[in-house]
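**Q**
Number of protein chains: 6
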Amino acid sequence: MTSLPNYKYGHFLVTSPSPFVAHVEINQPHKLNSFHRDMWLEFGDIFAKLSHDPEVRAVVLSGSGDRAFTAGLDVKAAAGEGPITASEGGSEDIARKATNLRRYIYEFRIASPRWTTVICILHGVSLGLAIDIAVCADIRIAAEGTQLAVKEVDVGLAADIGSLARLPKVVGNSSWVKEVCLTARTFSPQEALAVGFVSQVHPNKQAAVEAGLKMAASIAGKSPVAVQGTKEILNHARDHSIEENLRYTAVWNSAMVLSDDFKKAILAGLTKKKPTFEKL
Amino acid sequence: MTSLPNYKYGHFLVTSPSPFVAHVEINQPHKLNSFHRDMWLEFGDIFAKLSHDPEVRAVVLSGSGDRAFTAGLDVKAAAGEGPITASEGGSEDIARKATNLRRYIYEFRIASPRWTTVICILHGVSLGLAIDIAVCADIRIAAEGTQLAVKEVDVGLAADIGSLARLPKVVGNSSWVKEVCLTARTFSPQEALAVGFVSQVHPNKQAAVEAGLKMAASIAGKSPVAVQGTKEILNHARDHSIEENLRYTAVWNSAMVLSDDFKKAILAGLTKKKPTFEKL
Amino acid sequence: MTSLPNYKYGHFLVTSPSPFVAHVEINQPHKLNSFHRDMWLEFGDIFAKLSHDPEVRAVVLSGSGDRAFTAGLDVKAAAGEGPITASEGGSEDIARKATNLRRYIYEFRIASPRWTTVICILHGVSLGLAIDIAVCADIRIAAEGTQLAVKEVDVGLAADIGSLARLPKVVGNSSWVKEVCLTARTFSPQEALAVGFVSQVHPNKQAAVEAGLKMAASIAGKSPVAVQGTKEILNHARDHSIEENLRYTAVWNSAMVLSDDFKKAILAGLTKKKPTFEKL
Amino acid sequence: MTSLPNYKYGHFLVTSPSPFVAHVEINQPHKLNSFHRDMWLEFGDIFAKLSHDPEVRAVVLSGSGDRAFTAGLDVKAAAGEGPITASEGGSEDIARKATNLRRYIYEFRIASPRWTTVICILHGVSLGLAIDIAVCADIRIAAEGTQLAVKEVDVGLAADIGSLARLPKVVGNSSWVKEVCLTARTFSPQEALAVGFVSQVHPNKQAAVEAGLKMAASIAGKSPVAVQGTKEILNHARDHSIEENLRYTAVWNSAMVLSDDFKKAILAGLTKKKPTFEKL
Amino acid sequence: MTSLPNYKYGHFLVTSPSPFVAHVEINQPHKLNSFHRDMWLEFGDIFAKLSHDPEVRAVVLSGSGDRAFTAGLDVKAAAGEGPITASEGGSEDIARKATNLRRYIYEFRIASPRWTTVICILHGVSLGLAIDIAVCADIRIAAEGTQLAVKEVDVGLAADIGSLARLPKVVGNSSWVKEVCLTARTFSPQEALAVGFVSQVHPNKQAAVEAGLKMAASIAGKSPVAVQGTKEILNHARDHSIEENLRYTAVWNSAMVLSDDFKKAILAGLTKKKPTFEKL
Amino acid sequence: MTSLPNYKYGHFLVTSPSPFVAHVEINQPHKLNSFHRDMWLEFGDIFAKLSHDPEVRAVVLSGSGDRAFTAGLDVKAAAGEGPITASEGGSEDIARKATNLRRYIYEFRIASPRWTTVICILHGVSLGLAIDIAVCADIRIAAEGTQLAVKEVDVGLAADIGSLARLPKVVGNSSWVKEVCLTARTFSPQEALAVGFVSQVHPNKQAAVEAGLKMAASIAGKSPVAVQGTKEILNHARDHSIEENLRYTAVWNSAMVLSDDFKKAILAGLTKKKPTFEKL
């Protein structure tokens, strides 16, 4: 397992366990991998970079250590940083405080990485921000014993980093989504599997990470033209009607099907050899 | 269990089993809680009022008696009231009949209560209108033995009170949705749980109601600013793209995060005390 | 079982096992029912005709023979027909090639039949195009032992006939959808049932087809006004907000509720007789 | 000119100058027809009633007196009523104030009357609320000398009653819309005509009102099925794509074309007689 | 002026006045070019064919003779053909009549030609259907003296062939659109120019046709890749948000910009020579 | 006129002619202010910075010198930079070239500045990119003699920087929009005024710039809470239905109306004094 040279960060480990695969580990295990602001900015940076890196076609994300994927936002640290506190020293005008907060919410959000596939491994303590991050990933895998919850309502907030926006599109069970978001109760990996929040559960963290890395290697071995297109079209489909999506897909593929990858893949199929695809 | 003084209705019981919780019971058990027009208007009234009542933060809805949540519309009663019959005495012109019917359909619909959380307990006979009502609720819980069906196709109609509009957003299994809507076959609580129509099944009505009341009490104990915001944002997410929802959420929360509830909740977390939130 | 006189096709069998029910069988069992271009055009023709045929109210679709529903596109045959090859003899200009391809993609698509209900029986080999077809159907039933996969990414393509557009609306588990589309791995009928891709699994092909025919007969016995309206409104709901759908439904039903089918169905319910509905 | 018996209001005159036509006059000329809260609620009431009154097919709205259509909100009166003031005596919590305000904004809005045609005559002082009201109407006519402005930005607000939502759909000149909304400058009827805010300008109030009444009489003489349908479809078109609108229109008209009005109108055309249409 | 060999139709003249330009004339001048059903089907056929004809890049549409573009639907002929009459001999059931009508409305519509540019010359009598046709075109030019009106409300109908769907997107003056659609009054070419319904007015039919043919020749001389793309993107923009359109455009152009036409056009610009573009 | 200290750029002059107003001049007059890549990136930078600068509330944009606002893209310079050329040395695979181009198109676009008001002064040569820039501004003012054209179709391209996305929302005359985009013909300021592309025309550049600066000063003197909110809501309205916009506006204003600016503005109105607003 080699480290990825361009990804030196203080709070994260980024390695490359196999060709075109990156493994990102949240690396604050002594703090249950909970986030403070600088760490969050680093996190956004890493994924912005990975999303456009031609050397990376699939990413596995996990916490380091056995105890937690992440315990969420480090509330104490946040209290000293956020605009709620900050604005107390700034303008007292409510419109200005609100504007300030709106900007902060935008800044605090991570975008779902658009051009690389992300597999999120949920294990141990996985609360609050853990869900915001997990729903930004493409695929979710859990280890048994994971403790999951959408916690924001317990701190007097409606979640605004992404859980509430994405959960209803990720899980097709609105009764369950409302239940866990309005009560903040914990739920188990088995429950998460049954409702479709994760698509696999493995006996422990190690097995879950391995399953993730194997899946990432499988995806990384395929035509990146095909994989990026498939992801882009699925994401478009989620937010558009079928008619809209079919129109978009026809335009997308009118260029992409001209790729040599198609011929290579067909030939590889006929000759039973593993194809090699040019970087994208 | 005290009754709620402002909710005196002929066909419904409204009580308050715990602070900020209301329990609404459809109270025509000798008729399997089936609806006629006046009863339906009463029903709409109750929920319109509950939706804005600062004394109520969560509502449990069930049928009274053991036999039925509701057997649906009392077809015989409806036949004597509806515009289909009525219009026979009115204009014979088809456009005028159709206009009349369109108005009647609008009137007959209940809105999904926007500002309070509703937990619907399905038990016993739960047909036709039962599903229209259940999909308007936020959370659905069933008792074993419940007899569920989308019955409208059996009376020569496409359901228009809300089942067809909401079921595809409530359940992520379109094959199943088409099956039960096109065949009008009954389905069991276990099947409802498997496909995500309900999020819990309990051994009998009493246990289901108790689970609902407990969940309602849990929700009613949290910041109403957080709960209402969470519900509003989830409902918005259901009908909008992720981008749209994130924009709406940032604007929503820019004011809401300034609430004292946030500070109270954080403090309560640190001091392990139960917070008390001002009415909303 | 009688054949339907107006449906004589080279690659398909179309029979009528019961009143208002058609059974379409893909009839190239020696080639695992894989498709080439002419066959695909025939297929589109059949369903366009069935969709408007007043003698047909529900359709069951299966493969003939025991080995496959369909192995998908016959890639070798396709290689000799498609515009990728063809255009090599035509214009070398990329915009013209891409325009050509866009037209080909549009031509190659089948529309989801709008006015008749389709039940798709998945059995044996069911790869690639099999999924594109299955997601166009209203209801999916599988036989045990079926081998299912979204294969396109393995030939260097993003699927563009319909799988990627429809799968996210058919199944409420986005983690699973991404998994099977990005890895092209096979999945079992049990897995398909658990995630909601099919709504029933039967021990073998024969049992699955019988279940489909019985369901089709049940649907064909109901008011076609009610069945078509229900399907149309559910499809509209899938692609629109709840508000939009309720508005559309009220307009739709303002005429449809005036049908005699309503009175017939009510009367049939009261007299316990099976109603007969006029053709639509 | 007869008064309409069911429309007795303190601040408005409602008369019927010709069959099926109502004329609503804002009747506080000594206060430049400016609005306070009770008056606003009356105003909403009148239009809600007119919208469903089968005796009324077209409405003309003007101010009474020569000086003003309306000078807008009576800011002094509003200061004593609104939630901004009120909430100062209520909760100090920002989220609760904001919630209160959101409810107040909803209450303060008038809906655009859905089922009757409204022609708004702008004359004299026509500021602030005047524009909110005018853009809710279907057709706008101005008298020369009218003083028009979107004033809200001058009182530190973004207009939220409807001007900003509707102006961009009413006028196809976004540079002009931004100009008048961001600077709050007055604009003349000629300018309003050139950009398409009004469709007619007449030399004085009397001529403008007469033109409006004549147009109303013309509309009221036509089939109400055709007029309501035309208005509904145009309003739908404004907010939807062409494809969506064509689908909605086909469903709408499938019942409406069956009206006797079609036959009556055709016959009237052939016999050169004025048709009489049944109430709707 | 040569005739186009593949366009021999009974009620229309199709000629080619210059390279890649077609001129379609409605050729029933003795009947004011009014339409009956067969003629309408021919008309749809011609434009479907022109839309995909690589020999045609721009089309001018006019009426033949001096009296009329078209007087609209030949109501007498229509009365003997339509489903309103027809259904009187068919089913008496309202839902079946309405279904029949819905199908008829769909059939009667023409699609706006997607891949060729259409310039519509309005002259003489231009009523009812004339507007439905004109709003399907890309560009509208009028001759002085043209008599224009949206007539449908005068025959007891809401227009459903396309005027109401497209007029609000074609003209940015909603007051005027409502005025002419609800009153059915005629309007002049000057008024049409002022509100933006046409973009040019010429002194007489001949001058208007010549201006149209000259514009068509100019468009036909440009890169068809650029022209088709521009039209497609503008039509997409009309029905989508700016964000949506920018996403669609980037995907569209990612292939199209690779065309040789770009290089040819740049070179032609530098060398001041007229470029020649390959057929599309 | 003071320069703005934080805006030192090679190709642009940024000055502050009055409080809270910035004047940006494209400063390559000897090259008709035509753009090359570095200049374009600078341009994006400037507006990204201005959009969030609390010292700037309104921006005027013009070209420096008398000859041109901008002649558009410097095609010769672009030919040496772009990915079309570049990719010839890179991958030959079409999908990779297309992907590269898609990224380049995204990079080349400027966002419409979201939080500050931009007034664009069109004068002299204003071609191609000039229109892309002008439609990103909020308000457009032209000098007489300006030479305007959407030129892209003449270089074999569909415009993809923003003209085609925004022009149909900026101008309510689709016939004219298609005309100028499909023919690339020049149009005059008077024509631009008549169709609503600009909202003012002045005799020469100096007068146009002065009118712009005066308008900017007027906007900059108002409450920034009101101005930003008005702009945000108008932009939202452009892309959403009226219902959607009213919902968004109510949420937006629920916090914003609590601003002190409201009270200050009301007080200023009563005391006839000019209010001073805190920075936002």
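Quick mapping for you: the protein sequence lines, in order, are chains H, Y, D, A, L and E.
By this note's numbering, the letter at position 195 of the first sequence is numbered 195, and the numbering carries on one by one without gaps.
Take the position in the second sequence, starting the count at 1, then add 280; the result is the number in this note's numbering.
Take the position in the third sequence, starting the count at 1, then add 560; the result is the number in this note's numbering.
Take the position in the fourth sequence, starting the count at 1, then add 840; the result is the number in this note's numbering.
Take the position in the fifth sequence, starting the count at 1, then add 1120; the result is the number in this note's numbering.
Take the position in the sixth sequence, starting the count at 1, then add 1400; the result is the number in this note's numbering.
Glycine included, each C-beta is placed from N, C-alpha and C at the ideal position.
Model, not experiment: these values are computed from the prediction.
Start and end of the alpha helix (DSSP H) containing serine 503 (chain Y)?
**A** If you look at serine 503 (chain Y), you'll find it isn't in any alpha helix (DSSP H); DSSP assigns it neither H nor E.
**Q** Sort out for me which residues DSSP pairs cysteine 1240 (chain L) with in a bridge.
**A** L:Leu1181, L:Arg1260
**Q** Rounded to whole angstroms, what is the Cα-Cα separation between leucine 1404 (chain E) and serine 1512 (chain E)?
**A** 21 angstroms
**Q** When you compare each of E:His1436, E:Leu1567, E:Lys1631 to valine 1475 (chain E) by their alpha carbons, which one comes out closest?
**A** E:His1436
**Q** Taking the runs of the alpha helix (DSSP H) that are 4 residues or longer, which of them lie wholly in the stretch 783 to 831 of chain D?
**A** 784 to 799, 802 to 816, 820 to 831
**Q** Using a Cβ cut-off of 8 angstroms (strictly closer), state whether leucine 437 (chain Y) contacts chain D.
**A** yes
**Q** Report, in whole angstroms, the separation of the C-beta atoms of leucine 1527 (chain E) and lysine 1551 (chain E), which I expect to be a contact under 8 angstroms.
**A** 5 angstroms
**Q** Can you check DSSP and say which residues form a bridge with phenylalanine 292 (chain Y)?
**A** According to DSSP, which records beta bridges pairwise, phenylalanine 292 (chain Y) is partnered with Y:Ile306.
**Q** Are the stretch 509 to 521 of chain Y and the stretch 466 to 479 of chain Y touching, with three or more C-beta to C-beta distances below 8 angstroms?
**A** no
**Q** Give a yes or no on contact between the stretch 43 to 59 of chain H and the stretch 1606 to 1623 of chain E, applying the rule of three or more CB pairs nearer than 8 angstroms.
**A** Segments in contact, no.
**Q** Does the Cβ of threonine 831 (chain D) have 16 or more other Cβ atoms within 10 Å, making it buried, or fewer, making it exposed?
**A** Exposed.
**Q** Should lysine 711 (chain D) be counted as a contact of the ligand GDP given a C-beta to heavy atom distance under 7 angstroms?
**A** Ligands are entirely absent from the displayed structure, and the ligand GDP is therefore not among its contents.
**Q** Kindly list, in the order they appear in chain L, the residues whose Cβ is closer than 9 angstroms to that of cysteine 1520 (chain E).
**A** Result: empty, since nearest Cβ-Cβ is about 17 angstroms, beyond 9 angstroms.
**Q** Which residues in chain L have a C-beta closer than 7 angstroms to the C-beta of alanine 255 (chain H)? List them in chain order.
**A** Ser1374, Ala1375
**Q** Alpha carbon to alpha carbon, how far is glutamate 372 (chain Y) from valine 1097 (chain A)? Give it in angstroms, no decimals.
**A** 14 angstroms
**Q** Go through its chain and collect everything with a Cβ distance to phenylalanine 837 (chain D)'s Cβ below 7 angstroms, but skip five positions before and after it.
**A** Ser783, Pro784, Asp821, Lys824
**Q** Using the Cβ count rule (16 or more neighbours within 10 Å means buried), how would you classify glutamate 523 (chain Y)?
**A** exposed
**Q** At 3 residues or longer, what runs of the beta strand (DSSP E) sit wholly inside the stretch 405 to 479 of chain Y?
**A** You should have 405 to 407, 419 to 423, 427 to 429.
**Q** Using Cβ-Cβ distances below 7 angstroms, what residues of the stretch 1332 to 1349 of chain L are close to chain H?
**A** none
**Q** Ordered along the chain, which non-local residues of its own chain (more than five positions away) have a Cβ less than 7 angstroms from that of serine 468 (chain Y)?
**A** none
**Q** Going straight from the alpha carbon of leucine 182 (chain H) to that of valine 975 (chain A), what length do you get?
**A** 40 angstroms
**Q** Please say whether phenylalanine 69 (chain H) and valine 125 (chain H) have beta carbons closer to each other than 8 angstroms?
**A** Contact annotation: valine 125 (chain H) and phenylalanine 69 (chain H) have beta-carbon atoms nearer than 8 angstroms.
**Q** Starting from threonine 659 (chain D), trace the alpha helix (DSSP H) both ways and give me its first and last residue.
**A** 654 to 668
**Q** Would you tell me roughly how many angstroms separate the C-alpha atoms of serine 1487 (chain E) and valine 1371 (chain L), rounded to the nearest one?
**A** No answer about serine 1487 (chain E) holds up, because its pLDDT of 47 lies below 50 and its placement is not dependable.
**Q** CA-CA distance, glycine 229 (chain H) and threonine 529 (chain Y)?
**A** 29 angstroms
**Q** I believe isoleucine 945 (chain A) touches aspartate 1000 (chain A) by the beta-carbon criterion, under 8 angstroms. Please report the beta-carbon distance rounded to the nearest angstrom.
**A** 5 angstroms
**Q** Tell me, please, whether the CB atom of phenylalanine 20 (chain H) is closer than 8 angstroms to any CB atom in chain D?
**A** no
**Q** CA-CA distance, serine 874 (chain A) and arginine 1358 (chain L)?
**A** 38 angstroms
**Q** Could you work out which residues of chain H lie near tyrosine 1368 (chain L), taking near to mean beta carbons separated by less than 9 angstroms?
**A** Residues of chain H passing the Cβ test: Arg247, Tyr248, Val251.
**Q** Under 7 angstroms Cβ to Cβ from arginine 114 (chain H), same chain only, skipping five residues before and after it: list those, please.
**A** Ser51
**Q** Per the DSSP calculation, alanine 217 (chain H) is bridged to which residue(s)?
**A** DSSP, once it has assigned bridges, lists no residue as partnering alanine 217 (chain H).
**Q** Between the beta-carbon of valine 787 (chain D) and the beta-carbon of arginine 617 (chain D), is there less than 8 angstroms?
**A** yes
**Q** So leucine 724 (chain D) and valine 620 (chain D) are supposed to be a Cβ contact under 8 angstroms. How far apart are they, rounded?
**A** 26 angstroms between Cβ atoms; not a contact.
**Q** As a quick exercise: from E:Lys1408, E:Ala1558, E:Lys1431, pick the residue whose alpha carbon is nearest that of lysine 1449 (chain E).
**A** Answer by Cα proximity: E:Lys1408.
**Q** Could you tell me the boundaries of the alpha helix (DSSP H) in which alanine 951 (chain A) lies?
**A** Neither: alanine 951 (chain A) is in no alpha helix (DSSP H) and is coded neither H nor E.
**Q** If the cut is a Cβ gap below 7 angstroms, which residues of chain Y does threonine 939 (chain A) touch?
**A** Leu560
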